[in-house]
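Q:
Number of protein chains: 2
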Amino acid sequence: MSDATEIRIRELPKDKLSADHFELATVAMPEAGPEHILCETLYLSLDPANRAWMQGATYRSAIEGGQVMAGYTLGRVLESNHPNFEPGDLVEGDGGWRSHFVLKGKHASPVAPRDPLSHILSAYGITSKTAYAGMLAIGKPKAGDTVVVSAAAGATGSVAAQIAKASGARVVGIAGGERKCAWLTDTLGLDAAIDYRGDNLFEAMKRTCPDGIDVYFDNVGGSTLEAALFRMNRLGRIVCCGVVSQYDTGNPSPGPRGVPGLLVTKSLHMQGFLVMDYPELMDKADDDLASWIKSGQLKVAEDIVEGLANAPQGLVGLLAGENIGKRMVRVGTEK
Amino acid sequence: MSDATEIRIRELPKDKLSADHFELATVAMPEAGPEHILCETLYLSLDPANRAWMQGATYRSAIEGGQVMAGYTLGRVLESNHPNFEPGDLVEGDGGWRSHFVLKGKHASPVAPRDPLSHILSAYGITSKTAYAGMLAIGKPKAGDTVVVSAAAGATGSVAAQIAKASGARVVGIAGGERKCAWLTDTLGLDAAIDYRGDNLFEAMKRTCPDGIDVYFDNVGGSTLEAALFRMNRLGRIVCCGVVSQYDTGNPSPGPRGVPGLLVTKSLHMQGFLVMDYPELMDKADDDLASWIKSGQLKVAEDIVEGLANAPQGLVGLLAGENIGKRMVRVGTEK
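Chains A and B supply the protein sequences, listed in that same order. So the first sequence is numbered by the numbering used here: it starts at 1 and just counts up by one. So the second sequence is numbered by the numbering used here: it starts at 1001 and just counts up by one.
1) Should Ile116 (chain A) be flagged as near chain B, meaning a C-beta pair shorter than 8 angstroms?
2) If we count the other Cβ atoms within 10 Å of its Cβ and call it buried at 16 or more, is Met1069 (chain B) buried or exposed?
3) List the whole-angstrom C-beta distance separating Gln1271 (chain B) from Val1239 (chain B), where the pair is believed to meet the contact cut-off of C-beta under 8 angstroms.
4) Going by other Cβ atoms of all chains shown within 10 Å of its Cβ, with 16 needed for buried, is Pro48 (chain A) buried or exposed?
5) Give the interface partners of Leu201 (chain A) over in chain B, defined as CB-CB distance under 9 angstroms, in chain order.
6) Got a sec, what are the start and stop residues for the alpha helix (DSSP H) Cys1181 (chain B) sits in?
7) Out of B:Leu1024, B:Tyr1124, B:Leu1319, B:Met1328, which has the shortest C-alpha to C-alpha gap to Asp1287 (chain B)?
8) Give a yes or no on whether 8 angstroms exceeds the smallest Cβ distance from Phe101 (chain A) to chain B.
9) Of the choices B:Ser1167, B:Arg1170, B:Ile1194, whose alpha-carbon is the least far from that of Arg1179 (chain B)?
10) Closer than 7 angstroms by beta-carbon distance: list the chain A residues that pair up with Thr1208 (chain B), in chain order.
11) Note down the Cα distance separating Gly93 (chain A) from Tyr72 (chain A), rounded to an integer number of angstroms.
12) Can you check which of these residues, A:Leu315, A:Thr185, A:Gly173, is closest to Cys209 (chain A) by C-alpha distance?
13) Taking C-beta to C-beta, are Gly75 (chain A) and Val91 (chain A) nearer than 8 angstroms?
14) Name the residue from B:Leu1229, B:Gly1105, B:Val1264 whose alpha carbon lies nearest to the alpha carbon of Pro260 (chain A).
15) Quick one: measure Cβ to Cβ for Ile1007 (chain B) and Leu1103 (chain B), integer angstroms, because I've assumed they're closer than 8 angstroms.
16) Could you compute how far the alpha carbon of Gly269 (chain A) sits from the alpha carbon of Pro1279 (chain B)?
17) With 16 as the cutoff for other CB atoms within 10 Å, does Met41 (chain A) come out buried or exposed?
18) Just the chain A side, please: which residues come within less than 7 angstroms of Phe1273 (chain B) by C-beta, in chain order?
19) With 8 angstroms set as the bound, which would you pick, yes or no: does the beta-carbon of Val243 (chain A) sit closer than that to a beta-carbon of chain B?
20) Find the residues of chain A that neighbour Gly1221 (chain B), judging by a C-beta separation of less than 8 angstroms, and give them in chain order.
21) Select from A:Ser128, A:Gly250, A:Lys284 the residue whose C-alpha is nearest the C-alpha of Glu302 (chain A).
22) Counting only C-beta atoms, is Leu225 (chain A) closer than 8 angstroms to chain B at any point?
23) Report the residue from B:Asp1248, B:Leu1235, B:Leu1201 whose alpha carbon sits nearest the alpha carbon of Leu1225 (chain B).
24) Using the three-state DSSP reduction, which class does Gln313 (chain A) fall into: helix, strand or coil?
25) Please give me, in chain order, every unbroken run of the alpha helix (DSSP H) with length at least 4 that falls completely inside the segment 1193-1243 of chain B.
26) Would you call the CB atoms of Leu1121 (chain B) and Ala1161 (chain B) closer than 8 angstroms?
27) Per DSSP, what kind of secondary structure is Met282 (chain A) in: helix, strand or coil?
28) Taking only three categories from DSSP, how would you classify Pro1013 (chain B)?
29) Can you check whether the CB of Leu1046 (chain B) is closer than 8 angstroms to the CB of Gly1242 (chain B)?
30) Are the CB atoms of Lys1206 (chain B) and Arg1234 (chain B) within a distance shorter than 8 angstroms?
31) Find the residues of chain A that neighbour Pro1254 (chain B), judging by a C-beta separation of less than 7 angstroms, and give them in chain order.
32) When we look at the beta-carbon of Gln246 (chain A) and count the other beta-carbons within 10 Å, is it buried (16 or more) or exposed?
33) What does DSSP give as the partner residues of Gly1075 (chain B) in its beta bridges?
34) What do you get for Met54 (chain A), buried or exposed, if any count of 16 or more other CB atoms within 10 angstroms of its CB means buried?
35) I'd like to confirm the pairing. Which residues does DSSP put opposite Glu1031 (chain B) in its beta bridges?
36) Name, going along the chain, the residues of the segment 1042-1076 of chain B whose beta-carbon falls closer than 7 angstroms to a beta-carbon of chain A.
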């Protein structure tokens, strides 16, 4: 068989990530040992959490310099030494930044085809299911509530905001730049948008949330979380989904003022979570997401980077906020 | 009738509170108008929240200079123009720092006698019920959990810690000074104590909580909350009950590092609350508290200041942490 390619971390970033922190290598085609499967990578998911993994142990062990970059992948089985899989099957797993990957069969998840296949990572992927679990199990928006979502043009935020709309809430999205803000109101149909690059956040939240905030779905942390805290209504819920403002820096900011003071005086509920905390919701999530896509209540936004070699710049750009919707890398060809 | 006395706020504090911020005044005995009751004050509750009220609006409107200081009181009815009360009845309410107070009948709560009467404000008072609701409805300690309580020698903390013990948890209390720490382990029977004045909090939590923290009942905020966040176990609960480290200052510290980052990576649940959020638990709280007192699992600690004139110094001392257990002022005489 021909060679395979992989992208390694040449050196861990001390501050901002750049494409220079990675290097492409050509290697021998990996082989599937006993109980393992060999797959070709179709799509590689790019996520802000990739950068957090470089900062130390999180819910997974830290990534070290010299290693192949970790990443969630959609692959097609080429060879299988595991009874659950046969060539041609689609699988998801932590395949890493590779043209071909080998996983233990028990570490790969079989996945049903979708049309297009990229929907497996976008509409029905981890980011969508994260939005689903966080918004519905923690945020619990009711009709008439005001819901604010940060990084609302991103993969998770855009789905979280649309789920809140489908729940009957008034939804305000926060994003960077006029193009994204226009997309939030004009394409997704949100009730208002805040440009965090141009607006004073405290004033913008006051203007767009005249009745206060009942649910804040937070993807960014930092000063945006702080501004939301001061605008929360009594008994409000803050869904802590991510901290993208703090991933790509060697100098994280202090925590937001108002913690825990405003939590006490306003009886606020603030909860962090990972999608894997809610396995019991996943089947219903697939059904509900499909139903909202069909009804037009959920618009799927994808931002596809072509070719594994462009993954480093794709991640750097994601951290700079250049994407709208779910960014992924097309690595192999759909057949 | 004779004169009454009251204590007014001469000037709001800009930084630390001192007794000079108050002034005692002799006034004519107040009169009960229609639908009102006139009461003599038996006990005045002193609470860290009294200081927070001077910082601006919280769950109640802010206190202003020139006003009589607000405070929760236990009184005995002298005159009643309200059908629910008659002379001799015991009532609770926001009577303020007064020898005698007048309230609308609908703003006073009838209360059954206890022996001693001071138990109405200590064992069965707002601080005990706050500990009860926060620990059981939010903290939810299970047998074998490690529970950490800050301000554990205070009115709320001492009860919260003992309720966690009664739930079968391993309990570590944080307090200031050797005397309080010895009281936590020797009198209350907690499993360990941390002296926040002498110990490095990060190291002390590592030493006393080798299996991490499952429930942190936070009365103080600030650096203690930050240290606990880094020691929390996955799916842990942080009960945000108060922020006493931030009340008596004109220069509040920034929020704790780790918010929201550690909430996300460890799926932490952080919730602020007020006891009034849990009216449905109050009858059971009275029953459970009485049962634990009877079984010896709950030791009632009171710290009684004699005389209304000593209320200012009593509050200043409370904020400096000189009390063990529930501090109150004996204003009138039990008959």
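For glycine and all other residues, C-beta sits at the position ideal for the given N, C-alpha and C. The model shown is predicted, which means the values in this text are computed figures rather than measured ones.
A: This is what the structure gives:
1) Indexing the first sequence from 1 puts residue 116 (chain A) at position 116. The question names Ile, yet the displayed sequence has Pro at residue 116 (chain A). Cβ-Cβ to chain B under 8 angstroms: no for Pro116 (chain A).
2) Working through the second sequence from its first residue, we reach residue 1069 (chain B) at position 69. Classification of Met1069 (chain B): buried, given that the 10 Å Cβ count is 16 or more.
3) For this step, residue 1271 (chain B) is matched to residue 271 along the second sequence. For this step, residue 1239 (chain B) is matched to residue 239 along the second sequence. About 7 angstroms separates the two Cβ atoms, so the contact holds.
4) Translated into positions along the first sequence, residue 48 (chain A) becomes position 48. Counting Cβ neighbours within 10 Å, Pro48 (chain A) comes out buried, since at least 16 surround it.
5) Translated into the one-based positions of the first sequence, residue 201 (chain A) becomes position 201. In chain order: nothing, as chain B lies at least about 16 angstroms away.
6) Counted from its first residue, the second sequence places residue 1181 (chain B) at position 181. Counting along the chain, the alpha helix (DSSP H) containing Cys1181 (chain B) begins and ends at 1178-1182.
7) As a first step, residue 1287 (chain B) is located in the second sequence; it is residue number 287 there, counting from the start. Out of B:Leu1024, B:Tyr1124, B:Leu1319, B:Met1328, B:Tyr1124 has the C-alpha closest to the C-alpha of Asp1287 (chain B).
8) In the first sequence, residue 101 (chain A) corresponds to position 101, counting from 1. No, Phe101 (chain A) does not count as interfacial toward chain B.
9) Working through the second sequence from its first residue, we reach residue 1179 (chain B) at position 179. Comparing Cα-Cα distances from Arg1179 (chain B) to each of B:Ser1167, B:Arg1170, B:Ile1194, the minimum goes to B:Ile1194.
10) Taking the first residue of the second sequence as position 1, residue 1208 (chain B) is located at position 208. The contacting residues do not exist; Thr1208 (chain B) stays about 22 angstroms from chain A at best.
11) Looking up residue 93 (chain A) in the first sequence gives position 93. Looking up residue 72 (chain A) in the first sequence gives position 72. The alpha-carbon atoms of Gly93 (chain A) and Tyr72 (chain A) are separated by roughly 6 angstroms.
12) On the first sequence, position 209 is the one that residue 209 (chain A) refers to. The shortest Cα separation from Cys209 (chain A) among A:Leu315, A:Thr185, A:Gly173 belongs to A:Gly173.
13) By 1-based counting over the first sequence, the position of residue 75 (chain A) is 75. By 1-based counting over the first sequence, the position of residue 91 (chain A) is 91. Their beta carbons are under 8 angstroms apart, which means Gly75 (chain A) touches Val91 (chain A) by this criterion.
14) In the first sequence, the residue the question calls residue 260 (chain A) occupies position 260. Ranking the options by Cα distance to Pro260 (chain A), first place goes to B:Leu1229.
15) In the second sequence, residue 1007 (chain B) corresponds to position 7, counting from 1. In the second sequence, residue 1103 (chain B) corresponds to position 103, counting from 1. Not quite, the Cβ-Cβ distance comes to about 17 angstroms (not below 8 angstroms), so this is no contact.
16) Mapped onto the first sequence, residue 269 (chain A) falls at position 269. Mapped onto the second sequence, residue 1279 (chain B) falls at position 279. Residue identity differs from the one stated: residue 269 (chain A) is His in this sequence, not Gly. Distance between the alpha carbons of His269 (chain A) and Pro1279 (chain B) is about 18 angstroms.
17) Walking along the first sequence from the start, residue 41 (chain A) turns up at place 41. Checking the sequence shown, residue 41 (chain A) turns out to be Thr, not Met. With 16 or more other Cβ atoms within 10 Å, it is buried.
18) The residue labelled residue 1273 (chain B) in the question sits at position 273 within the second sequence. Near Phe1273 (chain B) (Cβ distances below 7 angstroms), the residues of chain A are Ser267.
19) Looking up residue 243 (chain A) in the first sequence gives position 243. Taking Cβ atoms only, chain B reaches closer than 8 angstroms to Val243 (chain A), which makes this a yes.
20) Along the second sequence, one-based indexing puts residue 1221 (chain B) at 221. Within 8 angstroms Cβ-Cβ: Val259, Pro260, Gly261.
21) Working through the first sequence from its first residue, we reach residue 302 (chain A) at position 302. Checking every option, the nearest Cα to that of Glu302 (chain A) belongs to A:Ser128.
22) Position 225 of the first sequence, counting from 1, holds the residue named residue 225 (chain A). For Leu225 (chain A), the answer is yes, since a Cβ of chain B falls inside 8 angstroms of its Cβ.
23) Taking the first residue of the second sequence as 1, we reach residue 1225 (chain B) at position 225. If we check each option's Cα against that of Leu1225 (chain B), B:Leu1201 comes out closest.
24) By 1-based counting over the first sequence, the position of residue 313 (chain A) is 313. Residue state, collapsed to three classes: helix.
25) 1201-1208, 1222-1231
26) Position 121 of the second sequence, counted from the start, is the residue given in the question as residue 1121 (chain B). Position 161 of the second sequence, counted from the start, is the residue given in the question as residue 1161 (chain B). No, Cβ-Cβ distance for Leu1121 (chain B) and Ala1161 (chain B) is not below 8 angstroms.
27) For this step, residue 282 (chain A) is matched to residue 282 along the first sequence. DSSP places Met282 (chain A) in helix when its eight states are reduced to three.
28) Locating residue 1013 (chain B) in the second sequence gives position 13, counting from the first residue. Of the three classes helix, strand and coil, the one that applies to Pro1013 (chain B) here is coil, per DSSP.
29) By 1-based counting over the second sequence, the position of residue 1242 (chain B) is 242. By 1-based counting over the second sequence, the position of residue 1046 (chain B) is 46. Contact flag unset, no.
30) Against the second sequence, residue 1234 (chain B) aligns to sequence position 234. Against the second sequence, residue 1206 (chain B) aligns to sequence position 206. No, these two residues do not count as a Cβ contact at 8 angstroms.
31) Here residue 1254 (chain B) refers to the residue found at position 254 when the second sequence is read from its first residue. Residues of chain A passing the Cβ test: Pro254, Gly255, Arg257.
32) Within the first sequence, residue 246 (chain A) is the residue found at index 246, counting from 1. Per the 10 Å Cβ criterion, buried.
33) Mapped onto the second sequence, residue 1075 (chain B) falls at position 75. Gly1075 (chain B) pairs with B:Thr1041, B:Val1091.
34) Within the first sequence, residue 54 (chain A) is the residue found at index 54, counting from 1. It is buried - the Cβ of Met54 (chain A) has at least 16 other Cβ atoms within 10 Å.
35) Sequence index remark: in the second sequence, residue 1031 (chain B) carries index 31 (1-based). DSSP, once it has assigned bridges, lists no residue as partnering Glu1031 (chain B).
36) Thr1058, Tyr1059
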